[in-house]
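Chains as they are written, first to last, in the numbering used here: chain A, 8 to 122; chain B, 151 to 263.
We put the CB at the ideal spot given by N, CA and C, even for glycine.
Notes for the one structure printed next.
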Amino acid sequence: GAVVSQHPSRVICKSGTSVKIECRSLDFQATTMFWYRQFPKQSLMLMATSNEGSKATYEQGVEKDKFLINHASLTLSTLTVTSAHPEDSSFYICSAEGQSQETQYFGPGTRLLVL
Amino acid sequence: SQKIEQNSEALNIQEGKTATLTCNYTNYSPAYLQWYRQDPGRGPVFLLLIRENEKEKRKERLKVTFDTTLKQSLFHITASQPADSATYLCALDAGAGGFKTIFGAGTRLFVKA
Numbered sequence: 008g009a010v011v012s013q014h015p016s017r018v019i020c021k022s023g024t025s026v027k028i029e030c031r032s033l034d035f036q037a038t039t040m041f042w043y044r045q046f047p048k049q050s051l052m053l054m055a056t057s058n059e060g061s062k063a064t065y066e067q068g069v070e071k072d073k074f075l076i077n078h079a080s081l082t083l084s085t086l087t088v089t090s091a092h093p094e095d096s097s098f099y100i101c102s103a104e105g106q107s108q109e110t111q112y113f114g115p116g117t118r119l120l121v122l
Numbered sequence: 151s152q153k154i155e156q157n158s159e160a161l162n163i164q165e166g167k168t169a170t171l172t173c174n175y176t177n178y179s180p181a182y183l184q185w186y187r188q189d190p191g192r193g194p195v196f197l198l199l200i201r202e203n204e205k206e207k208r209k210e211r212l213k214v215t216f217d218t219t220l221k222q223s224l225f226h227i228t229a230s231q232p233a234d235s236a237t238y239l240c241a242l243d244a245g246a247g248g249f250k251t252i253f254g255a256g257t258r259l260f261v262k263a
């Protein structure tokens, strides 16, 4: 149980285009999902907290107009990187909060490369 | 300032030995601390959670200790195997009634056959 999927697993896009990443909880409902960004050999950096049916809460320094988050259902959250630039290239990982609210179940991550 | 520190140098050990990883934190008062495993190019996988009132927790070959006085957690893998090779992340709740989890940068473990 507690499986989280992400799609796509890898994406290469041209600078200026937008990319959408999906995060799904496959066998449980997740009121809260989180989006992280991870650079090589660095820790996971929380970008935003996504709550079903309400606006996402963004961390300081994260541009909400650039990283659009939608959590339309209890099993799906999406992150759209708008007008992507090479510096947006990174590993994006989502997680879904478990029932206890203490544990997170992570997706496999999406590797984004912006050329 | 608030910090979570894990040894950035990789830990190399021989198969069958016990691996011990350290997580130190500063200026946090977590109600619990967690350990995750992360393989290259993959998302983290939850391993263990230990609460502030627990000194030690075990799960199969894994053991975690939590010393709130030292502000430190130790993560042990006994009878280590090459399949245990991965990066291990510690994480703690940011406290103050919120549910935000803060992650350390992780320690890479290599277990040699």
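A:L86: buried (16+ other C-beta within 10 angstroms of its C-beta) or exposed? With at least 16 other beta carbons inside 10 angstroms of its own, A:L86 counts as buried.
Closer than 8 Å is the cut-off here; do at least three beta carbon pairs connect the region 208-215 of chain B with the region 110-119 of chain A? No contact exists between the region 208-215 of chain B and the region 110-119 of chain A.
Going along the chain, which residues of the region 15-26 of chain A sit with their C-beta nearer than 8 Å to a C-beta in chain B? Residues of the region 15-26 of chain A with a Cβ closer than 8 Å to any Cβ of chain B: none.
Based on the DSSP output, what are the partners of A:Y112 in its beta bridges? Looking at the DSSP assignment, A:Y112 forms a beta bridge with A:A103.
Candidates B:L171, B:I252 and B:I154, of which the one nearest B:T228 by Cα: Ranking B:L171, B:I252 and B:I154 by Cα distance to B:T228 puts B:L171 first.
Do A:V11 and A:S25 have their beta-carbon atoms positioned less than 9 Å apart in this structure? In terms of Cβ geometry, A:S25 and A:V11 do not form a close pair [threshold 9 Å].
Would DSSP call A:E94 helix, strand or coil? It is helical.
Any idea what DSSP makes of A:D34, helix, strand or coil? Here A:D34 carries a coil assignment [DSSP, helix/strand/coil].
Got a sec: is the Cβ-Cβ distance from B:F260 to anything in chain A below 9 Å? Closer than 9 Å: no.
So, using beta-carbon positions, are B:T168 and B:S230 closer together than 9 Å? For the 9 Å CB-CB criterion, B:T168 and B:S230 form a contact.
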